[in-house]
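Novice: First the structure, then my questions, so here it is.
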Amino acid sequence: MKSVKVWLNVLNHPVWREYFVNPPVQYTSREEADLWHISNVIPDRINNDFVIDSEHPIILSGHTREYYMITEKKEAIEEQLNSSHCRKILPFSNGAKDELLYYLDLDKEVIDKIEVVYPSTTQKTNKVKEISDGDLVTFLHVGNKFYGKGTRDLIESVKLLDEKYSNKFICHIVSNDLRDVQYSGDSIVWHKDVSYEELHGLYEKAHVFVLPLLQDSWAVYLECLSLGIPMISTGIYDKKEIISDNHNGLIVEAPYSLFDHNYMLKKWNIWDEFCDYAKNNLDFGFVERICGGMEYFIENKDEVTRMSNNMFSVLNNKFSTEIKNKKIRRIYQEAKTN
């Protein structure tokens, strides 16, 4: 069967980085391609056959922080997706698929073109996380959005945890956005402007990754899967498709999230309004739930090893590059033959 020449419009997208480490096909130039793979945005009036992936339909508008643009661009997006040139729509997750159907009016035959393709990674180590007797439980948090990635809420949780478990854990926080943090204890180690090598070293030392995020994220989840690091995560959007409570991590329910339909385009229309809302609405119940998740691992250190093993299992059965590449190659071929 003749191979399909494909042009991919992104080179550095963190979620698709494995395309360039272990690409499913040899990508070609736009001029030579007979199929385009468009990532996360729809240019006006595409006159080539294309497949398109989507983290969230709002991002398809080309305005990642002006959320109201989904309403202004809605008809243009629908026109492109409903066109005969659109061969496949590839949401990152079932959560992303549900959002496409929520925000957009798509023809039935177009809905049939939707196929979930998870982002992927490769296993980077065979070493399972273990905590020896007497060792501090080492938590890690990485995030440059103080409110959106839950950094503020985590700091408040550590303050609570200090009252009961001082000298039994350490929490490394990697962020270039720490605002006016008020914390005087010794349980947090702050890291700013870290190199890739320094960050990799922190991942290697960590027993548990804590990410009480209120907005979407993929890259750190893939990193934790590849290194077998159990996670404490919120269950927002599509995160329960990655982390199963008490299997490869713990789920702490968030009070709201960026894409929550009760809030999006109601309480906020742009990124800054979301940040202002989060800043002014610290939820102490949420803080206590994060604290409870961290406490669980301090009290049950063996669970780190069990859940670390399960992270590798989830990776290899659901998020491996081998699985994704096989699916993508089939999709490219079908896009030009059907």
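Okay, so the sequence shown: first residue is 130 according to this note's numbering, each after it adds one. For every residue, glycine included, the Cβ atom is placed at its ideal position computed from N, Cα and C. These numbers were taken from a predicted model, which means no experiment stands behind them.
Using a 10 Å radius around the Cβ and a threshold of 16 neighbouring Cβ atoms, would you call Met130 buried or exposed?
Specialist: Confidence at Met130 is low in this model, with a pLDDT of 41, below 50, so the placement of that residue is unreliable and no value is reported for it.
Novice: My output table needs one value for Met130: the three-state DSSP class, helix, strand or coil.
Specialist: Here the model assigns Met130 a pLDDT of 41, short of 50, so the residue's position is not dependable, and the following value carries that caveat. Correct three-state label for Met130: coil.
Novice: The alpha helix (DSSP H) that contains Val266, what's its start and end?
Specialist: Unbroken run through Val266 is the beta strand (DSSP E), 266-271; no alpha helix (DSSP H).
Novice: Going by C-alpha to C-alpha distance, which of Thr254, Val318, His270, Tyr232 sits closest to Met440?
Specialist: Thr254
Novice: In chain order, which continuous runs of the alpha helix (DSSP H) of length 4 or greater are located wholly inside the region 173-216?
Specialist: Within the region 173-216, the complete alpha helix (DSSP H) segments of 4 residues or longer fall at 198-210, listed in chain order.
Novice: Please report the straight-line C-alpha distance between Gln155 and Gly378, rounded to a whole angstrom.
Specialist: 36 angstroms
Novice: Quick check: the region 189-199 against the region 148-162, are there 3 or more CB pairs under 8 angstroms?
Specialist: no
Novice: Does the contact criterion of 3 or more C-beta pairs under 8 angstroms hold for the region 291-308 versus the region 351-366?
Specialist: Not touching, per the Cβ criterion.
Novice: Could you check what DSSP says for Gly378 in three-state terms: helix, strand or coil?
Specialist: In the structure shown, the three-state DSSP call for Gly378 is strand.
Novice: Where does Leu342 sit, in a helix, a strand or coil, going by DSSP?
Specialist: coil
Novice: Which one of Ser313, Asn169, Tyr350 has the shortest CA to CA distance from Gln252?
Specialist: Tyr350
Novice: On the DSSP bridge assignment, give the partners of Met360 in chain order.
Specialist: According to DSSP, which records beta bridges pairwise, Met360 is partnered with Phe338, Gly378.
Novice: Among all the DSSP beta bridges, which residues are the ones paired with Leu331?
Specialist: None; Leu331 has no bridge partner.
Novice: On the three-state DSSP scale, how would you describe Val303?
Specialist: Strand.
Novice: Grouping DSSP H, G and I as helix and E and B as strand, with all else coil, what is Ile541?
Specialist: Nothing about residue 541 can be read from this structure; the chain reaches only from 130 to 467.
Novice: Which one of Gly272, Tyr406, Tyr276 has the shortest CA to CA distance from Arg323?
Specialist: Looking at the sequence shown, residue 323 is not Arg but Val. Checked all of Gly272, Tyr406, Tyr276; the closest Cα to Val323 is Gly272.
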